[in-house]
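The structure appears right after this line, and notes come after that.
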Amino acid sequence: MQKIRAAVCHAFGAPLEVEEVALAAPGPGEVEVTLEAVAICHSDISYAEGAWGGTLPAVYGHEAAGRITALGAGVERLFAGDRVVVTLIRPCGHCPACASNRPTVCENPPDGRHGPLRTLEGGPLFHAMACGAFAEKVVVNASQVVPIPEAMPAESACLLSCGVITGVGAAVYAAGLRPGQDAVVIGAGGVGLNAIQGARLAGARRIVAVDMTEEKLADARAFGATDGVLAGEARPWKAAKAALGRGADAVIVTVGAIPAYETAPRYLAPGGRVVMVGMPHSGATADYEPVLFAATGQGMVGSKMGDVVIARDIPWMIDLYDQGRLKLDELVSRRWRLEEINEAIADTRAGGARRNVIVF
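For the sequence shown, full-length UniProt numbering assigns the number 1 to the initial residue and increments by one for each residue that follows.
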């Protein structure tokens, strides 16, 4: 095992500690990636806060890009020196979900307690989200990486690993938006801006962004929203419907706030659906009247990682980026060093950042 630096969570809610840890060599079907950049996702923050439980100590981080520096036995179509993005999507390939081309909801998730990370003393170190990317290097299954162009900036490319595919996929796949339909996107953070981009790419007629500040609504318009509504208004759904001239065909909730979930159906047109992307803390609940959904043919659907297939969708999005049709560079708010990760997390938690990125 080799020594690398990583930001380790030893206690929920406590600052991460940058320290040396041990990383195993890649085994069969695995690759080692020396990272160039890893973004701070709100899911990493929620895990580190203990929002969904978990095993400690742990290394979080799952939105990364770098270069392959070692290959395990049996790896095909990847080579040392390839630049890649690293995702948390690790399909087993044989469960019903994988067999149905839904790898984001694979029924056989890996056990992070038996991953490639250890403390320097040989103790357990949880390999969170099958990535552990708040570190200089990662060892992951080859199915989790997708090659990227040599010249693509790492801090932009890493966003394809989660925030971009989650938002774009929520609009294109989970919502199934078609040309001429209307969308409301609640939350104009990193995922929300990409849901707006996805709705634009799908041909939405109007896209209404809902957020708490005018600054966020200005961001939303820059990424393709046609209208903006302040969530703090007495009845923001009325303003959204006035902008649309009707209810929305899809309401994409990209924040984990219960009030956002409870009000989301109010924006819908008959036959519309709420797409649930943002993840509240475990135990949080929302109230609905089922009769209203039944009477109007409306629905709710969860969307994990945009329901994407990374080998298909990440190359598609890279091509859109190359054409200037998908904004990635503009999503990066600020670049930080690994030693500054707690400051980067605090800045992300404050809500103003699109995406903060650790660069190596």
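We treat Cβ as the ideally placed atom computed from N, Cα and C, and that holds for glycine. Since the model is a prediction, treat every value here as computed from it, not as a measurement.
| Query | Result |
| --- | --- |
| Exposed unless 16 or more other CB atoms sit within 10 angstroms - verdict on P179 | exposed |
| Contact check, residue 364 vs V105, beta carbons under 7 Å | Absent from the structure is residue 364, since the part of the chain shown begins at 1 and ends at 360. |
| Helix, strand or coil at Q144 according to DSSP, with G and I counted as helix | helix |
| Rounded C-alpha distance that separates F360 from M305 | 25 Å |
| Segment limits, beta strand (DSSP E) that includes P270 | 268-276 |
| Environment of N141 [buried if 16+ CB atoms lie within 10 Å] | buried |
| Proximity to A24 [Cα-Cα], best of L35, A14, E17, I4 | I4 |
| Reduced DSSP category for W336 - H, G, I as helix; E, B as strand; rest coil | strand |
| E262 (DSSP reduced to helix, strand or coil) | helix |
| Own chain partners of L193 with C-beta closer than 6 Å, once the 5 adjacent residues on each side are dropped | F223 |
| Coil, strand or helix - P124 by DSSP | strand |
| Per-residue DSSP class, three states only, for I165 | helix |
| Beta-carbon proximity check, I358 vs V8, cutoff 7 Å | no |
| V301 vs A170 beta-carbon contact at 7 Å | no |
| Assumed close pair V184, V208 - CB separation to whole angstroms, cut-off 8 Å | 5 Å |
| Best match in T348, A202, D82, D307 for proximity to T34 [C-alpha to C-alpha] | D82 |
| Three-state secondary structure (DSSP) of D322 | helix |
| Length-filtered (4 minimum) alpha helix (DSSP H) runs lying within the region 65-142 | 96-99 |
| Reduced DSSP category for K216 - H, G, I as helix; E, B as strand; rest coil | helix |
| For T69, the nearest candidate out of P28, L78, H62, A344 (CA to CA) | L78 |
| Residue range of the unbroken alpha helix (DSSP H) whose run includes V191 | 190-201 |
| Contact set for E155: own chain, Cβ-Cβ below 7 Å, skip 5 residues either direction | A37, V332, R335, V357, V359 |
| CB contact flag (V139, V84, <7 Å) | no |
| Three-pair Cβ contact test at 8 Å for the region 117-135 versus the region 285-300 | no |
| Contact the region 273-290 vs the region 252-259: 3+ CB pairs below 8 Å | yes |
| S282, buried or exposed, once every other Cβ within 10 Å from all chains shown has been counted against 16 | exposed |
| Cβ contact check for the region 107-127 and the region 310-328: 3 or more pairs under 8 Å | no |
| Beta-carbon gap between T226 and R206 smaller than 7 Å | yes |
| Three-state class that DSSP yields for S9 in the structure shown | First, the residue type needs correcting, since residue 9 is Cys and not Ser in the sequence shown. DSSP places C9 in strand when its eight states are reduced to three. |
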